[in-house]
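Below is one structure, written out as structure tokens; comments come after it.
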Amino acid sequence: MSKVKQLTEELTHHLTELKSLSEKTETEDRDFTEEERALVVEHMEKAKTAKEALAKAKADGDMLKAISELGDSISLNEPQGERATPSGLIVPERKSIGEHYVESTEYKSLLATAPNGGFGAKQRVQSLPTGFKSLVTGGSDTSAGAFVQNDYLGLQVAADAFQRPLALRDVVTAGSTTSDTVEYVRMTSYTNAAAPVAEATSSAAPTAPGGAGALVNNAGGGYKPESALAAAKVTTPVRTIAHWIPITKRALSDAAQIRTLIDAFLRYGLEEELEDQMVSGDGTGENFEGLSNVSGVQAQAWDTNALTTLRKAKTKVRTVGRSMANAYLLNPADLETVDLLQDNEGRYYFGGPGGVGSASVLWGLPVIETEAVPAGTGYVGDFRKAILWDREQASITVTDSHADFFVRNLVAILAEMRAAFGVIQPNAFVEVDLTA
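Its first residue numbered 15, the sequence shown is counted upward by one per residue in the numbering used here.
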């Protein structure tokens, strides 16, 4: 059995065992036991070791193939005859380059032009061109250059270079749709008139309306107060977010890793624009109706300092919006302002330069740092009352059918997604003015 095949079977075995353990816990709807957890760790380590060994074995095989092909290219591998090794193994004999030369047609033609079929010691020989074109050079990848190992450092720029962290999708409610339009109910206001009610003592009709919609019966009471709940049907279309980049076929063929880099770049671009739209989309054209443009979102004016202002905004979510806030959204510049706040003795509230990080939690809520929110403005709210409906999740398409790309050996790599966004309870959110 070849080493590659053996390692492949070993890797498959460990992956199969891992899958079996995972399916067992899912079927029984439970966590791993201590024994199973130990097995998972063991199989993962062995699978990792087998995978690394397999990659090395394949690389060795590719190198041997390259050496063989190099030998073929300079005619070193042509068998001449057979010989027996000391162990009795019969192997083909190989001709040397000199033997190839003296047996060539060109050399024999040269001899035919010499006096008496040979050359004297003092005669000058002008040979004819021979058929040898496989010059062994160090600069060619198909010659001795194939043995040169480049000092390869890989991509010096990571796939996530110039990309900001995206987390807003993690706190909103995730939904899905199979249509191009989503209708939902938006709660705009409510009135809670619930109150204790005395037992009726008379069947007489009421004589006057009371407060909060209640009817007062001076003769005997018994009428219950009426509450109010206002809602509106909102229709939001599914929007398409897309962008593309051109690249040559040669670049794709010669640098396979560029495809992965481009895929990551294009997919990230969609998510970044999606986050921007969820916060600041103005609802016109093909834009989402973002949080900053939804009617009914509460406002909190600047009060004393950033910490006080943000805390008062959280209170409004609780008391007016009747909701439990689950996150703050802050621009990096405003989060920096919060990080640099000091007490009267010059001590930083959040650890300062020697601390472990910035204010990732404020007033018990996680802080999402995002450039989708303009500097000087922040948001706090119950983001579970905002919904992102995925119609078509991000996809990558490659084609040479764009314009004249086919005849120019170019391809277009397109990233595209479709989604809709809606806020079902605007007063569960507060826009915070962080400008002193």
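By construction, the Cβ of each residue, glycine as well, lies at the ideal position given by its N, Cα and C atoms.
Let me make sure I understand the geometry here. Which of the options has the alpha-carbon closest to that of residue i?
i: Ser203; options: Asp447, Asn441, Thr449, Leu448; result: Asn441
i: Lys33; options: Glu50, Leu321, Thr250, Lys17; result: Glu50
i: Lys238; options: Ala246, Ile259, Val252, Ala208; result: Ala208
i: Lys247; options: His28, Leu53, Ile438; result: Ile438
i: Asn345; options: Val311, Pro388, Thr333; result: Pro388
i: Leu321; options: Glu350, Arg332, Ala71, Gly335; result: Glu350
i: Thr205; options: Ala327, Glu240, Glu40; result: Glu240
i: Met338; options: Gly390, Ile382, Asp396, Leu266; result: Asp396
i: Ile427; options: Val446, Trp258, Ala313; result: Trp258
Does DSSP put residue i in a helix, in a strand, or in coil?
i: Leu448; result: coil
i: Ile276; result: helix
i: Tyr363; result: coil
i: Ser157; result: Confidence at Ser157 is low in this model, with a pLDDT of 45, below 50, so its placement is unreliable and no value can be given for it.
i: Glu40; result: helix
i: Arg200; result: strand
i: Tyr393; result: strand
i: Val54; result: helix
i: Lys328; result: helix
i: Thr351; result: helix
i: His416; result: coil
i: Arg405; result: strand
i: Ser190; result: strand
i: Gly436; result: strand
i: Asp45; result: coil
Look at the alpha carbon of residue i and the alpha carbon of residue j, and state the distance between them as a whole number of angstroms.
i: Gly236; j: Ser217; result: 9 Å
i: Leu402; j: Thr250; result: 11 Å
i: Met58; j: Leu25; result: 10 Å
i: Thr191; j: Phe302; result: 16 Å
i: Glu56; j: Leu29; result: 11 Å
i: Gln407; j: Ala429; result: 10 Å
i: Pro260; j: Gln291; result: 25 Å
i: Pro19; j: Glu31; result: Reading the sequence as shown, one finds Lys at residue 19 and not Pro. Cα-Cα distance, rounded: 18 Å.
i: Ala71; j: Glu23; result: 14 Å
i: Gly297; j: Val252; result: 12 Å
i: Glu385; j: Ser16; result: 55 Å
i: Phe161; j: Thr63; result: Low local confidence applies: a pLDDT of 48 at Phe161 is under 50, so the model's placement there is unreliable, and no value is given.
i: Gly310; j: Gly295; result: 16 Å
i: Glu37; j: Arg405; result: 29 Å
i: Leu266; j: Ala347; result: 40 Å
So, under 8 Å CB-CB, residue i and residue j are touching, yes? Tell me the CB distance rounded to an integer number of Å.
i: Ala434; j: Val196; result: 5 Å
i: Leu379; j: Ala341; result: 6 Å
i: Leu182; j: Glu289; result: 5 Å
i: Val425; j: Phe419; result: 6 Å
i: Glu286; j: Arg178; result: 7 Å
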